[in-house]
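K.L.:
One structure, as structure tokens, below. Some questions next.
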Amino acid sequence: MTALGRFLAVEGLDGSGGTTQVALLADALRTRGIEVLITGEPTRTLPIGRLIRQALRGEEPLSDGVLPYLFAADRRDHLDREILPALARGAWVISDRYMASSLAYQSLAAGFDYVVALNGRFRHPCLTLMLELDPSTSLGRVASRGEQRERFEVLETLQRVHGAYHQALAWVQEQGAAVAIIDASPGVGQVQAAVWAAVERELLS
97 MTALGRFLAV
107 EGLDGSGGTT
117 QVALLADALR
127 TRGIEVLITG
137 EPTRTLPIGR
147 LIRQALRGEE
157 PLSDGVLPYL
167 FAADRRDHLD
177 REILPALARG
187 AWVISDRYMA
197 SSLAYQSLAA
207 GFDYVVALNG
217 RFRHPCLTLM
227 LELDPSTSLG
237 RVASRGEQRE
247 RFEVLETLQR
257 VHGAYHQALA
267 WVQEQGAAVA
277 IIDASPGVGQ
287 VQAAVWAAVE
297 RELLS
């Protein structure tokens with residue numbers, strides 16, 4: 097079947113299961129004959145995204161004040177090289193984090209309005225899926241992975257990000273874009289079902 101291009105973003109605190117749900121959603125769409133591009137931010141293969149990931153791991157000594165500019169530049173590059181071409185050919189694009197993440201995380205250093213000014217003119221997703229998770233649970237899941245923590249993976253910081261996320265999602269809705277908040281605390285299958293229900297309601301009905 098031929099599908100109109102659709103752009104979705106999956107958001108949430110670290111440990112909320114976004115990467116898993118992106119993959120499951122892509123599989124479900126592909127079984128219906130839809131071409132899907134899985135991507136994410138910060139980007140993994142584009143140069144600015146690689147620099148951001150190095151900074152988040154502590155490998156590059158960049159200040160929090162620099163990150164909002166790098167994320168905005170990475171997003172512009174991401175749109176131009178990957179997202180917009182895929183949408184133009186009719187593919188669905190699912191991004192593991194996008195604009196709402198910048199509004200939530202980078203606003204802690206730069207202020208919400210300033211991050212909006214850097215990102216407000218970029219393409220909005222047709223649907224933003226927020227995987228809602230308590231910050232303490234989020235940090236517990238991150239710790240259970242046994243991986244090196246990134247600079248934002250501290251309980252006090254995640255609590256502030258959690259609050260900023262809700263401000264970010266309210267702003268996204270004010271721009272006319274759809275938002276669905278999904279409880280990410282149950283098992284993977286239950287979250288997957290809720291994600292699919294939101295996609296059906298907003299984009300397939």
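So in this note's numbering the end of the sequence shown lands on 301, straight run, no missing numbers.
For each residue, glycine too, the CB sits at the ideal point set by N, CA and C.
Which value, in whole angstroms, describes the spacing of the CA atoms of E178 and S191?
P.N.:
11 Å
K.L.:
Grouping DSSP H, G and I as helix and E and B as strand, with all else coil, what is T233?
P.N.:
helix
K.L.:
Between L227 and A280, which are expected to be in contact by the criterion C-beta below 8 Å, what is the C-beta distance as a whole number of angstroms?
P.N.:
Indeed they touch by this definition, with Cβ atoms about 4 Å apart.
K.L.:
Which residues mark the beginning and the end of the beta strand (DSSP E) in which T135 is found?
P.N.:
132–136
K.L.:
Applying the criterion that 16 or more other CB atoms from any shown protein chain within 10 Å of the CB defines a buried residue, is Q271 buried or exposed?
P.N.:
Counting Cβ neighbours within 10 Å, Q271 comes out exposed, since fewer than 16 surround it.
K.L.:
Where does S191 fall in DSSP's three states?
P.N.:
strand
K.L.:
Let me make sure I understand the geometry here. Which of A294, D123, L142, H220 has the alpha-carbon closest to that of Y194?
P.N.:
H220
K.L.:
Tell me, to the nearest whole angstrom, how far the beta carbon of T115 is from that of V284; I am working on the premise that it is less than 8 Å.
P.N.:
Contact flag wrong, Cβ pair sits at about 11 Å.
K.L.:
If I follow the unbroken beta strand (DSSP E) through T116, where does it start and stop?
P.N.:
In the DSSP assignment, T116 falls outside any beta strand (DSSP E) and within the unbroken alpha helix (DSSP H) covering 114–126.
K.L.:
Let's test the definition: count the other Cβ atoms within 10 Å of the Cβ of Y210 and tell me whether it reaches 16, buried, or not, exposed.
P.N.:
Looking at its Cβ environment, which holds fewer than 16 other Cβ atoms inside 10 Å, Y210 is exposed.
K.L.:
Is the beta carbon of L109 less than 7 Å from the beta carbon of L229?
P.N.:
yes
K.L.:
Would you mind stating whether L265 and V275 have Cβ atoms separated by less than 7 Å?
P.N.:
Their beta carbons are under 7 Å apart, which means L265 touches V275 by this criterion.
K.L.:
Which of the three DSSP states, helix, strand or coil, is assigned to F43?
P.N.:
With the chain represented from 97 up to 301, any question about residue 43 goes unanswered, as that position is not in the structure.
K.L.:
Could you work out which residue in L100, I277, R241, L163 is closest to N215 when comparing CA atoms only?
P.N.:
L163
K.L.:
So what's R102 in DSSP terms, helix, strand or just coil?
P.N.:
strand
K.L.:
Rank D176, L100, Q263, R297 by C-alpha distance to the C-alpha of Q202 and give the top, closest one.
P.N.:
Q263
K.L.:
Taking 7 Å as the threshold (C-beta atoms), are G236 and G101 in contact?
P.N.:
no
K.L.:
Can you grab the Cα-Cα spacing for the pair S159 / A205, in whole Å?
P.N.:
9 Å
K.L.:
Can you give, in chain order, each stretch of the beta strand (DSSP E) that sits fully within the segment 198–235 and has at least 3 residues?
P.N.:
Listed in chain order, the complete beta strand (DSSP E) runs (minimum 3 residues) inside the segment 198–235 are 223–228.
K.L.:
Quick check on R297: buried or exposed, where buried means 16 or more other Cβ atoms within 10 Å of its Cβ?
P.N.:
exposed
K.L.:
Using only alpha-carbon positions, find the residue among A196, V291, A239, V118 that is nearest to A168.
P.N.:
A196
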